[in-house]
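So the structure is just underneath, and the comments pick up after that.
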Amino acid sequence: MTEIQLERLAWPQVKAALADGYTTVVFACGATEQHGPHLPLLVDAEIGTRTALETARRLGKALVAPTVRVGCSDHHMAFPGTLSFRQDTFDAVVTDYCTSLARHGFRKLCIFPSHGGNVMPLAQLEPRLRETLGDSVEVVVDTDLMGLMDVWKRGVPAAGGPEGRVGGHADIAEGSILMTITPELVQEEKAEEGYMGELSREDLDRVIREGLHTVTPNGILGDGRGMSSEIGEYLVARMAERLVEVFAA
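Going from the sequence shown to our numbering is simple: count from 1 and add 10.
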């Protein structure tokens, strides 16, 4: 199939795809939240969709369901425009996604967070999803945030970018990936340095309790400068390769 995005297919095409063995679905759980002064709110959602597409193509016989475009982002609410689900709302949305897909005959659901705030909620939801869907549906959820960060930290210099600028939010990595998707929305001249240290356990607790703005007033973790589409393409490929290893295991 040339078109693998579920929402771009007519129902007879979906039916035919299922009959042809396209019984695996990949989808991301993203966010609509602040990404510094230089990137739009859609970063996590768009990166999720792009990564899901590249992953599904590598898996083969897989379709891509629409990205969940709002996530658990309460720690970003000090920044205007951010939208956030309560965790029980997030759980209900993801569960309803999965039960809908299972009802139509999809037998393997591959889910990953493209927003760090969704990692723990997905990890907690995974066993309940398996219980709800039963043995006829395989649920695979990637919740290895450190694995993703490692791809970015290794990938940026490997693609010719500067070292030491990956911090995990609105940084050189996310900006570079977005330049491969919606470059017209990247305000490169406004990219700047954010919080550059390692977040301690105390810092993380404060972020969850009081908000990200308490450690980074501009909303950036890492440094947004030096981004390029070349770095972005390299990172997307490495991210998809990592997810294929997770989902095909």
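Heads up, the beta-carbon is just placed ideally off N, CA and C, and yes, glycines get one too.
If residue 85 sits next to residue 218, beta carbons under 8 Å apart, how far is it from one beta carbon to the other, in whole angstroms? Start at 1 with the first residue of the sequence shown, and residue 85 comes out as number 75. Start at 1 with the first residue of the sequence shown, and residue 218 comes out as number 208. With a Cβ gap of about 6 Å, residue 85 and residue 218 count as contacting.
Based on Cα-Cα distance, which residue from 126, 128, 149, 243 lies nearest to residue 137? Locating residue 137 in the sequence shown gives position 127, counting from the first residue. Nearest C-alpha to residue 137: 149.
If the criterion is Cβ atoms closer than 8 Å, does the pair residue 57 and residue 184 meet it? Position 47 of the sequence shown, counting from 1, holds the residue named residue 57. Position 174 of the sequence shown, counting from 1, holds the residue named residue 184. Cβ distance < 8 Å, so residue 57 and residue 184 count as in contact.
Closest to residue 37 by CA distance: which of 63, 23, 45, 18 is it? In the sequence shown, residue 37 corresponds to position 27, counting from 1. Nearest option by C-alpha distance: 63.
Which partner residues of residue 119 appear in the DSSP bridge assignment? Your numbering for residue 119 matches position 109 in the sequence shown. According to DSSP, residue 119 bridges with 35, 149.
Where residue 209 and residue 22 are concerned, what is the direct C-alpha to C-alpha distance, given to the nearest angstrom? Within the sequence shown, numbered from 1, the residue matching residue 209 stands at position 199. Within the sequence shown, numbered from 1, the residue matching residue 22 stands at position 12. Rounded to whole angstroms, residue 209 to residue 22 spans 50 Å at the Cα level.
Inter-residue spacing [alpha-carbon to alpha-carbon] between residue 54 and residue 113: If you number the sequence shown from 1, residue 54 lands on position 44. If you number the sequence shown from 1, residue 113 lands on position 103. Whole-angstrom Cα-Cα distance: 28 Å.
Which residues share a DSSP beta bridge with residue 103? In the sequence shown, the residue the question calls residue 103 occupies position 93. Paired residues: none, contrary to the question.
With 16 as the cutoff for other CB atoms within 10 Å, does residue 33 come out buried or exposed? Start at 1 with the first residue of the sequence shown, and residue 33 comes out as number 23. Counting Cβ neighbours within 10 Å, residue 33 comes out buried, since at least 16 surround it.
Just to confirm, are residue 41 and residue 81 a CB contact at a threshold of 8 Å? Taking the sequence shown and counting its residues from 1, one reaches residue 41 at position 31. Taking the sequence shown and counting its residues from 1, one reaches residue 81 at position 71. Yes; because the gap between Cβ atoms is below 8 Å, this pair is in contact.
Of the residues 14, 122, 182, which one's Cα is nearest the Cα of residue 49? Sequence index remark: in the sequence shown, residue 49 carries index 39 (1-based). Of 14, 122, 182, the residue nearest in Cα terms is 182.
Excluding the 5 residues preceding and the 5 following residue 195 in the sequence, name in chain order all residues of the same chain whose CB lies nearer than 8 Å to its CB. Counting from 1 along the sequence shown, the entry for residue 195 is found at position 185. Excluding residues within five positions, the ones whose Cβ falls inside 8 Å are 49, 50, 52, 188.
Using the beta-carbon count (16 or more within 10 Å), is residue 250 buried or exposed? Counted from its first residue, the sequence shown places residue 250 at position 240. Result: buried.
Tell me the rounded alpha-carbon separation between residue 169 and residue 244. As a working mapping, residue 169 is identified with position 159 in the sequence shown. As a working mapping, residue 244 is identified with position 234 in the sequence shown. So the alpha carbons of these two residues sit roughly 6 Å apart.
Does residue 246 come out as helix, strand or coil in the three-state DSSP assignment? The residue you call residue 246 lines up with position 236 of the sequence shown. Residue 246: helix per DSSP, three-state reduction.
Opposite residue 15 in the DSSP bridges: which residues? Here the question's residue 15 lines up with position 5 in the sequence shown. Note: residue 15 sits in a beta bridge opposite 74.
How many angstroms separate the CA atom of residue 73 from the CA atom of residue 203? Reading the sequence shown from its first residue, position 63 is the one you call residue 73. Reading the sequence shown from its first residue, position 193 is the one you call residue 203. Using only the alpha carbons, I get a separation of about 38 Å.
DSSP three-state call for residue 125: helix, strand or coil? As a working mapping, residue 125 is identified with position 115 in the sequence shown. Three-state result, residue 125: coil.
Check whether the stretch 96-110 touches the stretch 139-158, counting contact only when three or more Cβ pairs, one atom from each stretch, lie closer than 8 Å. yes
Can you check which of these residues, 78, 131, 200, is closest to residue 228 by C-alpha distance? Here residue 228 refers to the residue found at position 218 when the sequence shown is read from its first residue. Answer by Cα proximity: 200.
Between residue 167 and the rest of its own chain, which residues show a CB-CB distance below 8 Å, the 5 nearest in sequence each way excluded? Start at 1 with the first residue of the sequence shown, and residue 167 comes out as number 157. Same-chain partners within the cutoff: 173.
Nearest to residue 139 (by Cα), restricted to the options 176, 259, 120, 223: In the sequence shown, counting from the first residue as 1, residue 139 sits at position 129. For residue 139, the nearest C-alpha among the options comes from 120.
Going by alpha carbons, who is nearest to residue 258 out of 163, 45, 46, 66? Along the sequence shown, read from residue 1 onward, the residue named residue 258 stands at position 248. Closest option to residue 258, Cα to Cα, is 66.
Expected contact under 8 Å - CB spacing of residue 129 and residue 252 to nearest Å: The residue you call residue 129 lines up with position 119 of the sequence shown. The residue you call residue 252 lines up with position 242 of the sequence shown. Contact doesn't hold; Cβ gap of about 15 Å is too wide.
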